[in-house]
Amino acid sequence: MKDKEEKVDLLLEQNASGQLAKVDWDGLNAAISARLDEADRSKTAVRRYPTVFKVAAGIAAAAVVLIAVIIGTDKQADVQLDSGRRAVVNFIDGKGSASIEIKDTGVESRVVVDIGGGERKMAMCDIEIIDLNGELKRDKQAAWIIISRPEPMFADNGVSRDMSDMICLF
Amino acid sequence: MVLDSGQKVNSTDVERLVKAGRGGSREAFNELVRLYQRRAMRVAVGMLGNVDDAAEAVQAGFVRAYLGIGKLKKPEQFEAWLLRIIANTAISQQRAAKRRTEKIKIAGYYKDKKAGSPVRNGIADELKDAIQRAMLKLSKKEAKAIGLFGLKDLSHREVAEIMGCSVEAVRWYVFRARRKLRVLLKEYL
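What follows is the structure in structure tokens.
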């Protein structure tokens, strides 16, 4: 048995080494660099047009609440979004259905994106729900939340780039 | 520390780069990418069994790391932190690809790769496909454990730290992964 285990390891090693030997490391480095440039551009856009993004954030937050209401989660009673209220948002997207749960923690702002269907996936970032009816807080930094889905709903952004299907900014 | 490229890296240098990266230095982060891209690829290939998917996961993983480096509190834990991100990204990508394949299969468009592709590179491609399919049969944790073990210099303790579980659990995942792979890859053993 031990011998077969060693053979499994050897087989995996042989496959990995063989494939890695073909990698163009400079090319990979350039590809990563291009992706980082893209990320930089997104960050710059957020900094350059904070008001636009804050309004978008307000719309996104409203959309989240609307979806919660449409879907009819049994946690609706917990949804309370006052001006500047910090909240924990659980976003659960299962097979053929989706549910969103918003809970007010009162202490910290977190977003948990949980894509269900047996394949759980989680992402976290800071958020602040912005109330469009109230005064926009100019000193607040906006942050991106990328809600990724296993399959594109609206657009495929290229080869193997179907993760960034829905991007929300809070 | 000796990286997979054979390059020796001083941990103080890495910490310095991480601190600069946290402060927003793109140059420092580029240097970290250059230093760790081979290790990241080794883990991803070990988990996915396919270099193209691994490259995609590594690119996405480095972007996540770049966006999140400000939250890394201990620069000395950069490698563990980065490899955790890479492993998680690789798993997400693998499961998404699996779902896509299943959907295509259901739609009746699925063609067996071996039979459908006219140009094959013999046994190496066949083995690659077999390993790729076999890795999909493992649980997420088994796939992560076996992928991280591809980095020969990582101890059980370090793998446990990256995976966020106990050393015993890591041993168990590796044991189970090998046992499954032994059956799934028996014709190549």
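These protein sequence lines map, in sequence, to chains V and L.
Under numbering that gives the first Met the number 0, the letters of the first sequence match residues 0 to 169, in that order.
Under numbering that gives the first Met the number 0, the letters of the second sequence match residues 0 to 188, in that order.
We put the CB at the ideal spot given by N, CA and C, even for glycine.
Computed from a predicted model, the values in this text were never measured in an experiment.
Who are the near neighbours of V22(V) in its chain, counting only those whose CB is closer than 6 angstroms to its CB and skipping five residues on each side?
The residue labelled residue 22(V) in the question sits at position 23 within the first sequence. Closer than 6 angstroms at Cβ, skipping near neighbours: no residue.
Any beta carbon from chain L within less than 8 angstroms of A15(V)'s own beta carbon?
On the first sequence, position 16 is the one that residue 15(V) refers to. Closer than 8 angstroms: yes.
So, do the stretch 73-83 of chain L and the stretch 26-43 of chain L have three or more beta carbon pairs nearer to each other than 8 angstroms?
Yes, the stretch 73-83 of chain L touches the stretch 26-43 of chain L.
At 9 angstroms on the CB atoms, spell out the chain V contacts of V76(L), in chain order.
By 1-based counting over the second sequence, the position of residue 76(L) is 77. In the sequence as displayed, the identity of residue 76(L) is Gln instead of Val. Under the 9 angstroms cutoff, chain V gives no residues; its nearest Cβ is about 18 angstroms from Q76(L).
Under a three-way DSSP split, which group does S138(L) fall into?
Here residue 138(L) refers to the residue found at position 139 when the second sequence is read from its first residue. It is coil, neither helix nor strand.
Taking the C-alpha atoms as reference points, what is the distance between A123(L) and L184(L)?
In the second sequence, residue 123(L) corresponds to position 124, counting from 1. In the second sequence, residue 184(L) corresponds to position 185, counting from 1. Cα-Cα distance, rounded: 13 angstroms.
Along the chain, where does the alpha helix (DSSP H) containing Y12(L) start, and where does it finish?
Working through the second sequence from its first residue, we reach residue 12(L) at position 13. First, the residue type needs correcting, since residue 12(L) is Asp and not Tyr in the sequence shown. Counting along the chain, the alpha helix (DSSP H) containing D12(L) begins and ends at S10 to R21.
Residues of chain L with a CB under 9 angstroms from the CB of A29(V): which are they?
Numbered from its first residue, the first sequence carries residue 29(V) at position 30. None at all; the shortest Cβ gap to chain L is about 10 angstroms.
Does the beta carbon of R34(V) come closer than 8 angstroms to any beta carbon on chain L?
In the first sequence, the residue the question calls residue 34(V) occupies position 35. Output row for R34(V): interface = yes.
Which class does N87(L) belong to by DSSP, given the choice of helix, strand or coil?
For the purposes of this step, residue 87(L) is taken as residue 88 along the second sequence, with counting starting at 1. Three-state result, N87(L): helix.
With a threshold of 8 angstroms between beta-carbons, can R127(L) be considered close to chain V, or not?
The residue given as residue 127(L) occupies position 128 in the second sequence. One detail in the question is off: residue 127(L) reads as Lys in this sequence, not Arg. At least one chain V Cβ lies under 8 angstroms of K127(L).
When the Cα atoms are used, what is the spatial distance from L64(L) to E26(L)?
Numbered from 1 along the second sequence, position 65 holds the residue referred to as residue 64(L). Numbered from 1 along the second sequence, position 27 holds the residue referred to as residue 26(L). Just to set this straight, residue 64(L) is Ala in the shown sequence, not Leu. Straight-line Cα distance between these residues: approximately 14 angstroms.
F61(L) and R34(V) look like a contact to me (Cβ under 8 angstroms); what is the Cβ gap, rounded to whole Å?
On the second sequence, position 62 is the one that residue 61(L) refers to. On the first sequence, position 35 is the one that residue 34(V) refers to. Right, their Cβ atoms sit about 7 angstroms apart.
Chain V beta carbons: is any one of them nearer than 8 angstroms to that of L34(L)?
Within the second sequence, the letter at position 35 stands for residue 34(L). Judged by the 8 angstroms Cβ criterion, L34(L) is not in contact with chain V.
What residues of chain V sit near R132(L), judged by a beta carbon separation below 9 angstroms?
Residue numbering aside, residue 132(L) sits at position 133 when the second sequence is read from its first letter. Simply none; closest approach about 12 angstroms.
Step through the CB atoms of chain V and report whether any lies within less than 8 angstroms of the CB of A19(L).
The sequence position of residue 19(L) within the second sequence is 20, counting from 1. Judged by the 8 angstroms Cβ criterion, A19(L) is not in contact with chain V.
Grouping DSSP H, G and I as helix and E and B as strand, with all else coil, what is F61(L)?
The residue given as residue 61(L) occupies position 62 in the second sequence. Helix, per DSSP.
Rounded to whole angstroms, what's the CA-CA distance from V32(L) to A129(L)? Just pull it up for me.
Here residue 32(L) refers to the residue found at position 33 when the second sequence is read from its first residue. Here residue 129(L) refers to the residue found at position 130 when the second sequence is read from its first residue. Approximately 30 angstroms between the Cα atoms of the pair.
Should the stretch 6-17 of chain L be regarded as contacting the stretch 44-52 of chain L, the criterion being three or more beta carbon pairs within less than 8 angstroms?
These segments do not touch.
Buried or exposed: which applies to R156(L), given that a residue is buried once 16 or more other Cβ atoms fall within 10 Å of its Cβ?
Numbered from its first residue, the second sequence carries residue 156(L) at position 157. Exposed, since its Cβ has fewer than 16 Cβ neighbours within 10 Å.
Hey, does G45(L) have any beta-carbon neighbour from chain V nearer than 8 angstroms?
Within the second sequence, numbered from 1, the residue matching residue 45(L) stands at position 46. Answer yes: the Cβ-Cβ gap between G45(L) and chain V drops below 8 angstroms somewhere.
Here's a check: name, in chain order, each residue in its chain whose Cβ is nearer than 7 angstroms to the Cβ of V57(L), leaving out the five neighbours to either side.
Along the second sequence, read from residue 1 onward, the residue named residue 57(L) stands at position 58. So the qualifying residues of the chain are Q36, A39, M40, A43 and I85.
Just to confirm my understanding: we take Y187(L), look at its own chain, exclude 5 residues before and 5 after, and list those with CB closer than 7 angstroms. What are they?
As a working mapping, residue 187(L) is identified with position 188 in the second sequence. Counting only Cβ-Cβ distances below 7 angstroms, and skipping sequence neighbours, we find L126 and A129.
Measuring only the C-alpha atoms, how far is L16(L) from G149(L)?
On the second sequence, residue 16(L) is found 17 positions in, with the first residue counted as 1. On the second sequence, residue 149(L) is found 150 positions in, with the first residue counted as 1. Spanning the two alpha carbons is a distance of roughly 26 angstroms.
Express the C-alpha separation of L135(L) and R189(L) in angstroms, rounding to a whole number.
Outside the displayed range of chain L (0 to 188) lies residue 189(L), so it cannot be described from this structure.
DSSP three-state label for K6(V), please.
Counting from one through the first sequence, the residue named residue 6(V) turns up at place 7. In this structure, K6(V) counts as helix in the three-state DSSP scheme.
Take the Cβ of A133(L) as the centre, count every other Cβ of all protein chains shown within 10 Å, and call the residue buried at 16 or more, exposed below.
Within the second sequence, numbered from 1, the residue matching residue 133(L) stands at position 134. Looking at its Cβ environment, which holds 16 or more other Cβ atoms inside 10 Å, A133(L) is buried.
Which one of A142(L), G22(L) and S165(L) has the shortest CA to CA distance from G45(L)?
The residue you call residue 45(L) lines up with position 46 of the second sequence. The residue with the shortest Cα to Cα distance from G45(L) is A142(L).
Roughly how many angstroms separate the alpha carbons of L180(L) and G23(L), rounded to a whole number?
Translated into the one-based positions of the second sequence, residue 180(L) becomes position 181. Translated into the one-based positions of the second sequence, residue 23(L) becomes position 24. When rounded, the distance between both Cα atoms is 43 angstroms.
Comparing C-alpha positions only, which one of D2(V), K3(V) and N14(V) sits nearest to G146(L)?
Translated into positions along the second sequence, residue 146(L) becomes position 147. Ranking D2(V), K3(V) and N14(V) by Cα distance to G146(L) puts N14(V) first.
Using a C-beta cutoff of 8 angstroms, does G163(L) count as contacting chain V?
Indexing the second sequence from 1 puts residue 163(L) at position 164. It does not; no Cβ of chain V falls within 8 angstroms.
Mapping the DSSP letters down to three states, classify N28(V) as helix, strand or coil.
Along the first sequence, read from residue 1 onward, the residue named residue 28(V) stands at position 29. Three-state DSSP puts N28(V) in a helix.
Relative to the C-alpha of I31(V), which candidate in A59(L), E167(L), K139(L) and I68(L) has its C-alpha closest?
In the first sequence, counting from the first residue as 1, residue 31(V) sits at position 32. The shortest Cα separation from I31(V) among A59(L), E167(L), K139(L) and I68(L) belongs to A59(L).
DSSP state of D152(L), grouped into three classes?
Working through the second sequence from its first residue, we reach residue 152(L) at position 153. It is coil, neither helix nor strand.
In angstroms with no decimal places, state the Cα-to-Cα distance between T88(L) and I68(L).
Residue 88(L) sits at position 89 when you count from the first residue of the second sequence. Residue 68(L) sits at position 69 when you count from the first residue of the second sequence. Whole-angstrom Cα-Cα distance: 16 angstroms.
Provide the residue span of the alpha helix (DSSP H) that contains A43(L), from first to last.
Here residue 43(L) corresponds to residue number 44 of the second sequence, with the count starting at 1. R25 to L47 is the extent of the alpha helix (DSSP H) around A43(L).
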